[in-house]
Structure formats: C-alpha cells, structure tokens
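Chemist: Take a look at the following structure, please.
Residue numbers (the working numbering), protein chains in the order written: chain A, 31 to 316; chain U, 3 to 268.
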C-alpha cells in the first residue's frame with residue numbers, strides 16, 4: 031500500500047500574523063518497498079513534508095494515508111504511538127537526540143517506549159549496533175565519548191531498533207566524510223533490499239540520488255514539482271538547474287558533450303554505459 | 003511556543019518605537035516608581051490613562067497586552083486568595099462560617115492587582131517597542147557611569163544580549179529534540195510518572211549538551227575575533243538623545259511629580 035498525500039496543506043502559525051504556508055495542497059504517492067529521494071531547495075517544504083509521515087505535524091487541510099492509517103485535518107488523531115513505531119523518522123543531525131548513560135541504553139530507549147521488555151530491547155540494541163557497523167564493545171560506553179559520525183550511527187540504530195516498516199531520513203549523510211556517507215547510504219540500500227523497508231531520503235546530494243535511489247520527488251516552494259523514477263528524472267537536467275541543484279558528474283558530462291556536438295542518448299545515467307557510448311560515437315566518427 | 007506575547011518585539015512604525023532606548027528605560031523606571039506612590043484610586047486612574055495613551059501611541063493592540071498578562075493571571079488569583087485570608091482591616095462585608103471578608107482585604111488586593119497589571123503593561127510596551135539589542139545597548143549606556151565603582155557594565159550588557167540572542171535558538175532546539183524523541187515513542191502528555199520523568203530527561207540532557215556546545219562554539223568564535231571583555235570598544239550603532247527624548251522624559255517627570263503632589267495633598 032503506497033503512502034499517499036491528498037490535497038495536503040500545512041500552514042505554520044495559522045491565523046496569526048506569523049502564518050506561513052509550507053505545503054500547499056500537495057498530492058503525492060510514494061511507492062512501498064523502494065528508496066525514494068526527496069529533493070528541493072532549503073525552505074521548500076521537504077522537512078515539513080516528512081514530518082507528516084509519523085504525524086509529528088498534522089495537516090491543516092487534506093489528508094494522508096501511511097500504512098493503514100489515514101490522518102485527516104478534520105479529526106485530531108489518537109493513538110499515534112502505533113504509527114510512530116512503524117514509521118521511523120530520523121531527523122537531521124540525530125546525534126543531538128542521544129541522552130542515555132550507555133549506548134545500548136540509548137538504542138533500547140525507542141523499543142522500550144513501544145512496549146518491549148528491557149531485556150529484549152537491550153538484545154535488540156546489540157543487534158542494531160552491528161547493523162550500523164559498530165562493534166559490540168561500544169554497548170557499555172557513553173554516547174558522548176563518540177565522534178560525530180559514530181554518534182549518528184548510534185542515533186540511527188536507535189530508530190532501526192524500533193523495527194519500523196517505513197524509514198524516513200532527513201539528510202542522513204550531511205556533514206559526514208565521503209567514506210562515512212557512502213557506508214551510511216549502503217546501509218540504507220541493504221535495509222531496503224534485505225528487509226524490504228520503504229525508505230524515504232531527504233538529500234541534497236545528487237550523486238547519492240543517482241547511485242542509491244529508485245524514485246525522486248522534487249519539492250519546490252510548497253508544491254510537488256515532479257515525481258518520477260530516477261531514469262526519467264536524470265534525462266533532462268533543466269529542472270535541476272532551475273532549482274539550483276548541481277547535477278551528478280555523469281549527467282554533467284553527458285549534457286556538456288551533447289552541447290558540443292555529441293548525440294548521446296539521454297537515458298544514460300551510469301558511467302560505464304556512458305563511457306561505452308562515447309567510445310562508440312568517437313569510433314563511428316573516425 | 004510561537005504565541006508567547008510576553009517580552010516579544012513587534013516591528014511597527016510608531017513614535018514610541020523611534021525613541022532612544024535609554025529614554026524608554028528611564029521612563030519605565032520613573033513610571034514604576036509612580037505606580038508605587040500611594041495617590042489613591044485617582045492616581046491609578048491617571049497612570050492608567052497614561053499607559054493607555056502610550057499603548058495607542060505605540061500602535062499596540064490591547065489584545066496583545068492582554069495576552070502578555072495571561073501568564074500572570076494565576077499569580078493574581080493566588081494573591082487574591084492570600085490577601086483575603088490574611089488581611090483583617092476595615093469593616094466586615096460578610097461572613098461564611100468562621101471566615102470573614104473584610105473591606106480592607108478587598109481594596110488592598112485590588113490595589114496590588116492594579117499595580118501588577120500596570121507594571122506588566124508598561125514593561126510589555128517597552129519590550130514590544132524596543133529591539134532586544136537596542137535594549138541592551140541602552141542598559142549598557144545607563145550602567146556605564148557605575149564603572150567607577152567597578153560595575154562591569156559592558157559585560158552585563160553582553161551577557162544579556164547573548165542570552166536574548168539564544169532564546170529563539172534554544173526554543174527551536176527544544177522543539178526539534180521533542181519531535182525527535184516523540185519519533186522514538188516518547189509521549190510528553192500521557193504515561194505514568196516514571197515515563198514522564200524519562201520523557202523530561204530525554205529532553206533536558208540533549209538540550210544541555212547542545213547549550214554547552216553552543217556556548218563553547220560562541221566563546222571560541224569570540225576569542226578568534228579578538229574579543230577581550232574589558233577593552234574599550236567602538237560601536238556601529240550610536241545612541242543619540244533627541245528633542246523628542248527630552249520631551250518624553252519631561253512629561254514622565256511631570257507625571258511623577260503630579261502623583262507625588264496628589265499623594266501629598268490627600
């Protein structure tokens with residue numbers, strides 16, 4: 031069952047002089063079991079959009095359906111815990127949400143809140159430490175001794191420990207070194223492939239979109255500017271440029287070569303096939 | 003949290019907004035003194051009229067003043083109860099079992115309520131018409147004569163402005179952490195006492211961590227730019243008293259004098 035937004039509007043500080051329309055009657059459908067990238071400029075409404083997914087923000091107008099829950103603007107929803115367990119939301123810089131004495135305790139905090147026993151939660155925490163690539167010996171250490179990247183892994187493990195069906199991540203790789211970012215993205219791909227989790231990813235990094243995602247949603251100024259699959263999305267980089275987003279290197283190379291007289295097909299989006307196409311064209315020319 | 007009215011600056015174009023912050027601070031102090039002069043109900047009528055005029059000159063809505071007073075309502079009710087129970091002056095208005103309501107208690111409480119309300123309204127007018135940074139500049143200037151007796155005027159002003167600067171940041175951070183923990187199943191409203199304590203802990207620890215982080219970053223940034231607290235500094239914004247400032251102060255002194263006279267005569 032896909033996640034659907036129907037004419038969903040969100041207005042901050044409604045009915046005050048500080049009112050701000052963040053999302054304007056958006057319609058959107060996000061496929062289950064895929065990795066979907068949500069992109070857009072700062073302040074375009076991406077974060078507002080994702081915070082609706084586990085009902086941290088409620089629609090001012092319209093409705094959305096996540097898993098089997100429908101949330102409408104008309105009635106104030108109750109029993110949101112169930113939804114929050116099934117839709118794990120990882121905020122930007124989640125390392126700031128750590129607070130427990132030990133890493134294991136912190137990871138176990140979520141599952142315990144959702145009714146798991148202390149013992150089972152700690153066991154789950156051990157497991158999740160390994161999933162995010164930290165060794166067991168970290169379990170009893172304080173989360174505040176860790177480096178930034180390690181803290182982020184612990185924070186993400188804390189959400190994974192809840193075993194959500196849908197995982198929403200707001201710029202999970204921001205501020206990490208390239209290797210750290212790559213490991214992080216590969217972890218999400220693994221979660222998607224092995225555990226069939228639906229993953230939504232807010233990101234600014236087009237290389238990540240190109241390499242790891244299946245679908246792309248473009249948010250622009252409170253509206254959905256485009257939703258399509260990756261192949262379709264990178265066919266034409268005019269929209270990207272209009273949104274002041276730098277296209278990935280492969281796409282830039284393809285487009286610049288085409289501008290200078292090549293006629294490479296627009297659905298080429300990976301380096302190997304592009305290299306082959308260039309070689310073919312050069313050979314044909316000779 | 004965005005609807006807190008108390009202490010909020012409202013960017014409006016009015017003659018009160020344009021006054022020098024020092025004028026406004028001094029006028030506020032003088033008016034506060036005036037409020038405490040026992041000039042009877044007529045005196046409060048005069049001050050009340052003055053406050054209303056000020057509010058209108060500042061183009062503030064009365065609903066805004068009312069909202070800034072709301073948090074104090076609880077205290078007012080509390081005061082009322084205490085006074086009614088404790089004061090035994092004047093004539094007995096009515097009795098209820100062993101409890102008797104005295105006229106003195108009622109008038110005394112009303113005095114206090116009116117005083118508090120006037121003070122809150124005045125302070126709200128000040129904070130609503132003066133940018134926080136201008137306010138600290140004003141405080142610094144007014145405190146600077148006391149440097150002779152080693153009052154660290156600049157440091158006090160700097161601390162106030164830093165504190166003010168970080169209020170919105172910390173509010174934003176609090177909301178973010180609350181949301182992050184809500185995503186981990188924390189329920190701030192429901193749950194047993196133990197769960198509630200855990201919920202508060204999960205909010206406060208990260209908030210402290212980030213507040214210290216901010217303080218550390220800020221201290222480093224200031225030091226990197228060569229900030230030394232007790233060195234003389236120049237300022238981009240120069241405060242200048244103008245005719246309208248002296249006029250405002252004159253009117254305020256006149257008001258205070260009038261009230262003293264009224265208290266003297268009655």
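Using N, Cα and C, we set each Cβ at its ideal position, and we do this for glycine too.
Curious, which full-length beta strand (DSSP E) runs of at least 3 residues does the stretch 49-123 of chain A contain?
Modeler: Counting only runs of 3 or more, we get 50-60, 65-69, 91-96, 99-102, 117-120.
Chemist: Nearest-angstrom Cα distance between residue 282 of chain A and residue 250 of chain A?
Modeler: Residue numbering aside, residue 282 of chain A sits at position 252 when the first chain is read from its first letter. Residue numbering aside, residue 250 of chain A sits at position 220 when the first chain is read from its first letter. Computed Cα separation, rounded: 22 Å.
Chemist: Using DSSP with H/G/I as helix, E/B as strand and the rest coil, what is residue 18 of chain U?
Modeler: Within the second chain, residue 18 of chain U is the residue found at index 16, counting from 1. Note: residue 18 of chain U maps to coil in three-state DSSP.
Chemist: Taking Cβ positions, are residue 93 of chain A and residue 36 of chain A nearer each other than 7 Å?
Modeler: Along the first chain, one-based indexing puts residue 93 of chain A at 63. Along the first chain, one-based indexing puts residue 36 of chain A at 6. Yes, Cβ-Cβ distance for residue 93 of chain A and residue 36 of chain A is below 7 Å.
Chemist: Pull up the CB-CB distance for residue 277 of chain A and residue 287 of chain A, whole angstroms please, since I reckon it's below 8 Å.
Modeler: For the purposes of this step, residue 277 of chain A is taken as residue 247 along the first chain, with counting starting at 1. For the purposes of this step, residue 287 of chain A is taken as residue 257 along the first chain, with counting starting at 1. The Cβ separation is near 13 Å, so there is no contact.
Chemist: Taking CB distances under 7 Å as the criterion, tell me whether residue 187 of chain U reaches chain A.
Modeler: Counting from one through the second chain, the residue named residue 187 of chain U turns up at place 185. Yes, its Cβ sits closer than 7 Å to a Cβ of chain A.
Chemist: With burial defined as no fewer than 16 other Cβ atoms inside 10 Å of the residue's Cβ, what is the status of residue 24 of chain U: buried or exposed?
Modeler: Numbered from its first residue, the second chain carries residue 24 of chain U at position 22. Burial call: buried.
Chemist: What does residue 127 of chain A reach in chain U if we use C-beta pairs closer than 7 Å?
Modeler: As a first step, residue 127 of chain A must be located in the first chain, where it is residue number 97. Residues of chain U whose Cβ lies closer than 7 Å to the Cβ of residue 127 of chain A are, in chain order, 179, 182, 183, 208.
Chemist: With a 10 Å radius around its C-beta and 16 neighbouring C-beta atoms as the bar for buried, classify residue 168 of chain A as buried or exposed.
Modeler: Sequence index remark: in the first chain, residue 168 of chain A carries index 138 (1-based). It is buried - the Cβ of residue 168 of chain A has at least 16 other Cβ atoms within 10 Å.
Chemist: So does the stretch 169-181 of chain U actually touch the stretch 107-118 of chain A, counting three or more Cβ pairs closer than 8 Å?
Modeler: Because the criterion of three Cβ pairs below 8 Å is not met, the stretch 169-181 of chain U and the stretch 107-118 of chain A do not touch.
Chemist: Between which two residues does the alpha helix (DSSP H) harbouring residue 317 of chain A extend?
Modeler: Limits of chain A in this structure are 31 at one end and 316 at the other, which puts residue 317 of chain A out of reach.
Chemist: Below 9 Å on C-beta distance, what does residue 188 of chain A contact in chain U?
Modeler: For the purposes of this step, residue 188 of chain A is taken as residue 158 along the first chain, with counting starting at 1. The contacting residues are 186.
Chemist: Grouping DSSP H, G and I as helix and E and B as strand, with all else coil, what is residue 144 of chain A?
Modeler: Start at 1 with the first residue of the first chain, and residue 144 of chain A comes out as number 114. Residue 144 of chain A carries a coil assignment under DSSP once its states are collapsed to helix, strand and coil.
Chemist: At least one CB of chain U closer than 7 Å to the CB of residue 291 of chain A: is that the case?
Modeler: In the first chain, residue 291 of chain A corresponds to position 261, counting from 1. For residue 291 of chain A, the answer is no, since every Cβ of chain U falls outside 7 Å of its Cβ.
Chemist: Quick check: is the beta carbon of residue 45 of chain A nearer than 7 Å to any beta carbon in chain U?
Modeler: For this step, residue 45 of chain A is matched to residue 15 along the first chain. No, residue 45 of chain A does not count as interfacial toward chain U.
Chemist: So if I threshold CB-CB distances at 8 Å, which residues from the stretch 76-89 of chain A count as touching chain U?
Modeler: Going along the stretch 76-89 of chain A in chain order, one finds 81, 84, 86 with a Cβ nearer than 8 Å to chain U.
Chemist: Just the C-alpha distance for residue 85 of chain U and residue 108 of chain U, rounded to the nearest angstrom, thanks.
Modeler: Residue 85 of chain U sits at position 83 when you count from the first residue of the second chain. Residue 108 of chain U sits at position 106 when you count from the first residue of the second chain. Going by the C-alpha atoms only, they are around 8 Å apart.
Chemist: Pop quiz: residue 53 of chain U and residue 120 of chain U are said to be a contact at Cβ under 8 Å. What is the actual Cβ separation, rounded to whole angstroms?
Modeler: For the purposes of this step, residue 53 of chain U is taken as residue 51 along the second chain, with counting starting at 1. For the purposes of this step, residue 120 of chain U is taken as residue 118 along the second chain, with counting starting at 1. That pair is a contact at about 6 Å.
Chemist: Starting from residue 29 of chain U and walking both ways along the alpha helix (DSSP H), at which residues does that stretch end?
Modeler: As a working note, residue 29 of chain U is residue 27 in the second chain. Residue 29 of chain U -> alpha helix (DSSP H) spans 23-37.
Chemist: What alpha helix (DSSP H) runs, 4 residues minimum, are completely inside the stretch 242-298 of chain A?
Modeler: Whole alpha helix (DSSP H) segments, 4+ residues: 260-263, 268-272, 279-289.
Chemist: To the nearest angstrom, report how far apart residue 79 of chain U and residue 187 of chain U are at their CA atoms.
Modeler: Locating residue 79 of chain U in the second chain gives position 77, counting from the first residue. Locating residue 187 of chain U in the second chain gives position 185, counting from the first residue. Residue 79 of chain U and residue 187 of chain U: Cα-Cα distance of roughly 37 Å.
Chemist: Please return the same chain residues whose Cβ sits closer than 6 Å to the Cβ of residue 19 of chain U, not counting the five positions on each side in sequence.
Modeler: Here residue 19 of chain U is taken as the residue at index 17 of the second chain, counted from 1. Cβ neighbours of residue 19 of chain U beyond the five flanking positions: 131.
Chemist: Residue ranges of each alpha helix (DSSP H) run of no fewer than 4 residues wholly in the stretch 126-176 of chain A, ordered along the chain?
Modeler: Those alpha helix (DSSP H) runs which fall completely within the stretch 126-176 of chain A and span 4+ residues are 133-143, 148-161.
Chemist: Quick one: complete alpha helix (DSSP H) runs, 4+ long, within the stretch 55-103 of chain U?
Modeler: You should have 64-88.
Chemist: Could you check where the alpha helix (DSSP H) with residue 136 of chain U kicks off and where it finishes?
Modeler: By 1-based counting over the second chain, the position of residue 136 of chain U is 134. It spans 134-145 - the alpha helix (DSSP H) in which residue 136 of chain U sits, taken as one unbroken run.
Chemist: Assign residue 198 of chain U to one of three DSSP states: helix, strand, or coil.
Modeler: Mapped onto the second chain, residue 198 of chain U falls at position 196. Note: residue 198 of chain U maps to helix in three-state DSSP.
Chemist: What three-state label does DSSP hand residue 39 of chain A in the structure shown?
Modeler: By 1-based counting over the first chain, the position of residue 39 of chain A is 9. Residue state, collapsed to three classes: strand.
Chemist: Can the beta-carbon of residue 122 of chain A be found closer than 7 Å to that of residue 141 of chain A?
Modeler: Numbered from 1 along the first chain, position 92 holds the residue referred to as residue 122 of chain A. Numbered from 1 along the first chain, position 111 holds the residue referred to as residue 141 of chain A. Cβ distance not < 7 Å, so residue 122 of chain A and residue 141 of chain A don't count as in contact.
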